[in-house]
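Residue numbers (UniProt numbering): 1 to 59.
We put the beta carbon where it would ideally sit given N, CA and C, even for glycine.
Contents: one structure, followed by commentary.
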Amino acid sequence: MEAIERATGTHTGKRQVEQLVERTAADADDFYAHARSNHSGSGSGSGEIVGAENLIHRP
């Protein structure tokens, strides 16, 4: 929580941070499940997944 406060300059409650973490984790799981299903059968075999920031993440 302290890192969020330093980065944003505002106070964030513990419950708000917990809710953000839960939603972010769910979004990340959905994103990578969708990315894997779109890349299956592509034939590249590299295992690369393009991340939300258009960066390539290699396993």
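Coarse secondary structure for residue i, derived from DSSP in three states
| i | result |
| --- | --- |
| residue 8 | helix |
Buried or exposed by the 16-neighbour rule on C-beta atoms within 10 Å, applied to residue i
| i | result |
| --- | --- |
| residue 23 | exposed |
Residue i Cβ short of 6 Å to the ligand MN heavy atom set
| i | result |
| --- | --- |
| residue 21 | Among the components modelled here there is no ligand, and therefore nothing to report on the ligand MN. |
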